[in-house]
Amino acid sequence: MLELFELCSGAWSHLLSLSIGIFQKLSPRTCTSPSLQSCPDAMRDRQELTSRQLHLDSQAASCDPAPADDSKGFSQPPKEGESSDPARYSSRRTASEIHRCRKGQRTDIKPSEWNKFGYASRDDEVLSKDNIVYDEQTVPIPRVRRCDITLEEFQKEYVEKDRPVIVEGACSDWPAMSRWSTEALDERFRHVDFKVGKTDKGKNINLKMKYFLDYMKHQQDDNPLYLFETKVDENNTMRHLLDDFDHPDLFPHDWFGLMNDEARPPHRWWAIGPKRSGTTVHTDPLGTSAWNAVSHGVKRWVLFEPHVPKRIVKGRDVKKKGEDTEAIMYFDFLLPRLKKANPEVRVYEGLQNPGDIIFVPGDWWHGVLNLEDCVAVTANFCGPESFDKIWKRTRKDREKVAHLWLRNMKKFAPRLYARATELNQADGFRMRHQRGPGEKPDGSDDSSSDSSSSDSSSDSAEDLSPEGLSAALGGDVVLGHAAKKRRAEAAEPLPRRRRRETEDNPSPEAQ
Ligand SMILES: O=C(O)CCC(=O)C(=O)O
Ligand SMILES: [Fe+2]
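Residue 200 in full-length UniProt numbering sits at position 200 of the sequence shown, with consecutive numbering throughout.
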């Protein structure tokens, strides 16, 4: 068997310096819908964190909707007994498109109730940047200017210590800073469908950029629709977004990147969050860390250390009957209350401005409120410092993913494979290929394992794309002959390579 990676020296600490780049714009990796279908946990995580499945108590207090400027623009025709959407959209079609999206997104409230708490009339108060008051309990998320820190210092001070940080100016030179203005996005992606939600049955709700931007400009919703698109690589037009940003050099490692595109759970999102939208407090899947880069708008973040109990960070003990828990309500009244009720809990807060990148270490609780209309890109990754933890989590919760990941480790990164199998041995954990039929994984609850697991997967280690492999190579990896060959292939212009690949692997029709 050909080994593509030959690592320099033996010690595990050297292995920790292996750089496997996360997705890169230079090597866009395909993320197909089957992969999404096969990642129910990740989809559920995403759904949960965007808190779109929340059920409102029917007795929820209702406020008057914000006053509408009815002098111009189009709105939704009111139905009997319902108030109309107070927003006045520029395009006649926007109202009905938004109605469709709201209806699919939330079945617990009517589309006309999306503004029932009247938060839009309190923007100045609730979205004020001065709302964070630092004291003994509420401390600032550490901040550092990109120009004031080296990559080594960053690694040592933050990544290795699992400390969150906002790195000011870390993406201020990205083309995204100008190319992701609403005007530019309207021009570039006007007719392209983006994902703005999911139905109860798990079906994507898509909306054309032109309607979303019209909505964003005029909406008065308490918790507006949030555009969260993960399939950027798949659409020929959307792919141009990949030219607008770089993978941040602050995070050179991503060992999840070893996985084939089809096997890897969704890990990168391009997002537009209108003001008042946000993400309720959550941790990211499988203990992965995240970076989030903002090109436009301001995000308010709250973070809690991993050991703080879920009940507390979610504000479950301070929520009153009938209250909603969307991000805006969380920041408005749940967070102040939970701070008061738990004075011993340290709360980290901070503002992320355009050009800033935040690092959220794995297992840190975090929530976001978009104080302005925000455009951002975010990704989850597995760095060396958290490999052990993420491997253990993955093998337990996502059996099939773990199986495919381990298989690629064996083939492309033998020392990583050795580490994973060493961990398995130490814990007496047997992977599914090591178990008898019907046998449960040791020490784990079978119900939490990946229900889509199947031993007859058609996914093969050969599927790891040359582009992905090339992107994964860091400076301190010594390549074997085969890897060099494969890297050279990856460097070829795409059309030529495609042609050759097609010649090598003729489709059934061509045979
Ligand atoms: O920007 C946001 O709304 C938060 C995103 C986030 O935490 C996530 O994607 O996991
Ligand atoms: Fe997150």
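The C-beta atom is built at its ideal place from N, Cα and C for all residues, glycine as well.
Own chain partners of residue i with C-beta closer than 7 Å, once the 5 adjacent residues on each side are dropped
{"i": "E160", "result": "E385"}
{"i": "V308", "result": "V345, W365"}
{"i": "R316", "result": "none"}
{"i": "R145", "result": "E168, G169"}
{"i": "R92", "result": "F74"}
{"i": "A420", "result": "W391, L406, M409"}
{"i": "N342", "result": "I312"}
{"i": "M329", "result": "E323"}
{"i": "R337", "result": "G315, V318"}
Contact test: residue i Cβ vs ligand 2 heavy atom, cutoff 7 Å
{"i": "D221", "result": "no"}
{"i": "D99", "result": "In the sequence on display, residue 99 carries His and not Asp. No; taking the cut-off as 7 Å, the Cβ of H99 has no heavy atom of ligand 2 nearer than that."}
{"i": "A290", "result": "yes"}
{"i": "residue 576", "result": "With the chain covering only 1 through 511, there is no way to say anything about residue 576."}
{"i": "D284", "result": "yes"}
Burial state of residue i, where buried means 16 or more other Cβ atoms lie within 10 Å
{"i": "S178", "result": "exposed"}
{"i": "D221", "result": "buried"}
{"i": "S289", "result": "buried"}
{"i": "T94", "result": "buried"}
{"i": "T150", "result": "exposed"}
{"i": "R268", "result": "buried"}
{"i": "S295", "result": "buried"}
{"i": "T107", "result": "exposed"}
{"i": "D140", "result": "Note on identity: in this sequence residue 140 is Pro, with Asp being the wrong assignment. By the 10 Å Cβ count, P140 comes out exposed."}
{"i": "S128", "result": "exposed"}
{"i": "D356", "result": "buried"}
{"i": "C374", "result": "buried"}
{"i": "G257", "result": "buried"}
{"i": "Y89", "result": "buried"}
{"i": "A483", "result": "Low per-residue confidence applies at A483: pLDDT is 37, beneath 50, and the placement is therefore not dependable, though the value from the model is reported in the following sentence. Counting Cβ neighbours within 10 Å, A483 comes out buried, since at least 16 surround it."}
{"i": "G367", "result": "buried"}
{"i": "N292", "result": "buried"}
{"i": "C101", "result": "buried"}
{"i": "C147", "result": "exposed"}
{"i": "K411", "result": "buried"}
{"i": "A327", "result": "buried"}
{"i": "H403", "result": "buried"}
{"i": "residue 553", "result": "Residue 553 lies beyond the residue range present for the chain, which begins at 1 and ends at 511; the question has no answer from this structure."}
{"i": "D261", "result": "buried"}
{"i": "K396", "result": "buried"}
Chain-order list of residues whose beta-carbon lies under 6 Å from that of residue i (same chain, five-residue window excluded)
{"i": "S277", "result": "P224, Y226, N370"}
{"i": "I132", "result": "E349"}
{"i": "C63", "result": "With a pLDDT of 31 at C63, under the threshold of 50, the predicted position of this residue should be treated as unreliable, and no value is reported."}
{"i": "G362", "result": "G287, T288, S289, S386"}
{"i": "W174", "result": "F245"}
{"i": "T230", "result": "P266, W269"}
{"i": "F304", "result": "V313, W365"}
{"i": "W182", "result": "Contrary to the premise, residue 182 reads as Thr rather than Trp in this sequence. Result list for T182: L213, in chain order."}
{"i": "F154", "result": "L250"}
8 Å CB neighbourhood of residue i in its chain, flanking five on each side removed
{"i": "residue 513", "result": "Only positions 1 to 511 of the chain appear in this structure, which leaves residue 513 out of reach."}
{"i": "D123", "result": "K275, R276"}
{"i": "Q59", "result": "With a pLDDT of 28 at Q59, under the threshold of 50, the modelled position of this residue cannot be trusted; read the value that follows with caution. Counting only Cβ-Cβ distances below 8 Å, and skipping sequence neighbours, we find K321, G322."}
{"i": "F212", "result": "F194, V196, L225, L227, I272"}
{"i": "Q105", "result": "R52, V196, G197, K198, T199, I205, L225"}
{"i": "G383", "result": "V159, F251, H253, D254, W255, S289"}
{"i": "H191", "result": "K208, M209, K210"}
{"i": "M216", "result": "T182, P224, I272, P274, D373"}
{"i": "F331", "result": "V126, N131, G278, R300, V302, G367, L369"}
Residue i Cβ short of 7 Å to ligand 1 heavy atom set
{"i": "W180", "result": "no"}
{"i": "N353", "result": "no"}
{"i": "H366", "result": "yes"}
{"i": "D261", "result": "no"}
{"i": "A170", "result": "no"}
{"i": "A376", "result": "yes"}
{"i": "T280", "result": "no"}
{"i": "G197", "result": "no"}
{"i": "F314", "result": "The sequence given here has Lys at residue 314, not Phe. Result no, Cβ not under 7 Å from ligand 1."}
{"i": "G350", "result": "no"}
{"i": "K310", "result": "no"}
{"i": "K400", "result": "no"}
{"i": "K339", "result": "no"}
{"i": "K299", "result": "yes"}
Distance cut-off 7 Å: residue i Cβ against heavy atoms of ligand 4
{"i": "A271", "result": "This structure does not include ligand 4; its bound ligands are ligand 1 and ligand 2."}
Starting from the N-terminal side, write out each stretch of the beta strand (DSSP E) that is 3 residues or longer and does not extend beyond the segment 214-290.
At a cut-off of 3 residues, the continuous stretches assigned as beta strand (DSSP E) that sit fully inside the segment 214-290 are 227-229, 268-273, 278-282.
Report the start-end ranges of each beta strand (DSSP E) in the segment 94-161 that is 3 residues or longer and not cut off at the edges.
Listed in chain order, they are 138-140, 143-145.
Along the chain, which unbroken stretches of the beta strand (DSSP E) at least 3 residues long are found entirely within the segment 348-422?
Runs of beta strand (DSSP E) with 3 or more residues, each lying fully within the segment 348-422, are found at 357-360, 365-370, 374-381, listed in chain order.
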